[in-house]
Structures are given as structure tokens and as C-alpha cells.
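Here you go:
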């Protein structure tokens, strides 16, 4: 990775979009690229070493993928852009749904993680990506609906899917006060997109999706910066 914040080659790698299965969602999990090499280094520097200058290029990568997802699922901009994309699952509706905003929900971080990092890194990234989408004319809003309770140990320290799943079981919950403030859909399902940094085992996303569905939300997709098909590839 050269001297740029995120070089052009890395930005191209963050546009190597993949679609993965994710039960409970309309379109599955969509990822910008693979968690290895320079992308892994950049994400680690941003996530755990305070390299917040990466917020903008990472938000651009997320916003580009979110734009394709929204257009394919019938969300028009206020500028009446009729473009759509294929191979993203769901139903390609003919008209937009601008009367119903899409809520971007950042994956929660534990209190200890936020103290260590000094920020809720996914919330900051979601806000920046939402601003970019709003400039295009999409009606999107960032809502911090989810929180963790009693989570210990970093997920990257868990070596197996079973360990990750056990760590999070019953410990991701919807913030009811926040939910009630924004649940103004007049009986329609709240439509949300979950944003996270990395999919490894899928345990975090699975529990987040379930918590959102338990309060009646429709989860359009999980969208992440990167994915690790095999945890051993994170070290390549």
C-alpha cells in the first residue's frame, strides 16, 4: 500500500464485490472485497490503530456498493435515477420507495472496544456513507439500533465458529428507546441495512439480523467492507 491514504489499487480491491448467504435477509451479505493483503492492513490500521483518515475512502467503497443495492431494490433518488443493477438478489421493483427511508444500522461495538479505540468506528463510517448517499438523493438515515451486553474478548481472538457464536449468544439487543423513536412506519416493516467491517464466521451479523427481525424489522442486507472465506486467509 503506497503513501496514499488508500491507494488506487486498494480502492479497486474494495470494488471486488461478492454476495454471500445470510439467513434472515432479503439480499444476503454483500462485501466490498476480501480481507487479506493490503486491504487487511488498511482495515486494521483504521479499526484498531486510529487511522481515521481511512473513513472517507472506506465510506466511498461502502456507498458505491450501497448505491447498487438500493437501485436494484427499487429505491429511486430524488433526481429520478432509473439505473439498476443485476445479481444482487431481491426483487427489482419498477418504481422507487422514497416515501420509506432506509435505515443504516451500524454493527455494535462493546464498551471496552469503544474505550480502547476512542470511538464507535462503524457508526462514524455509516454516517459518512449515509451523507454520500444523501447527496445522491437517497433517503437514508443512520440509526444506532443495536448494542452489546456483557461481551468479553475480541472476536478476532475466537478461533472457531462455535467460539464466536457462544461469545455473542444473547448479547446483541435492540435499544428499545431508539427503536421506538424511529419506528414511524405506520404498520409497515422498518427496512434496514446492517453495516459491519468484516465477515469472518458470520456470527456477529447473524445475531444482529435476528435481533432486528425480532422487533419486526425487514433486513434488506448486511453490507461489509471485507470478508474472510477461511479465517486462515486473514493472515495472508
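Residue numbers (the UniProt record's numbering): 1 to 236.
Note that CB positions come from ideal geometry on N, CA and C, so glycine has one too.
Since this is a predicted model, take the numbers as computed values, not measurements.
Answer yes or no: do residue i and residue j have a C-beta to C-beta separation smaller than 8 Å?
i	j	result
residue 41	residue 31	no
residue 28	residue 22	yes
residue 20	residue 227	yes
residue 205	residue 222	yes
residue 10	residue 39	yes
Here's the rule: buried if 16 or more other CB atoms are within 10 angstroms of the residue's CB, otherwise exposed. What is residue i?
i	result
residue 106	buried
residue 201	buried
residue 135	exposed
residue 123	buried
residue 15	exposed
residue 149	exposed
By the three-class DSSP mapping on this structure, what secondary structure does residue i have?
i	result
residue 174	strand
residue 237	The first residue shown for the chain is 1 and the last is 236, placing residue 237 beyond what the model contains.
residue 196	strand
residue 57	helix
residue 127	helix
residue 68	helix
residue 156	Because the pLDDT at residue 156 is just 48, under 50, the model does not fix this residue reliably, and the value given afterwards should be weighed accordingly. In the structure shown, residue 156 sits in a helix (DSSP, three-state: H, G or I).
residue 111	helix
Give every residue of the same chain whose Cβ lies closer than 8 Å to the Cβ of residue i, excluding the five residues on either side of it in the sequence, and list them in chain order.
i	result
residue 102	70, 75, 138, 139, 140, 141, 191, 192, 193, 220
residue 45	51, 54
residue 175	144, 145, 146, 147
residue 121	46, 47, 109, 197
residue 209	22, 23, 24, 25, 194, 219, 222
Please report the residue range of the beta strand (DSSP E) in which residue i lies.
i	result
residue 33	29-34
residue 103	102-106
In terms of residues, what are the limits of the alpha helix (DSSP H) holding residue i?
i	result
residue 207	203-214
Near residue i, what residues of its chain come up, given a Cβ to Cβ distance below 6 Å and the 5 sequence neighbours on each side ignored?
i	result
residue 129	59, 62, 63
What does a CB cutoff of less than 7 Å around residue i pick up in its chain, not counting 5 residues either side in sequence?
i	result
residue 183	190
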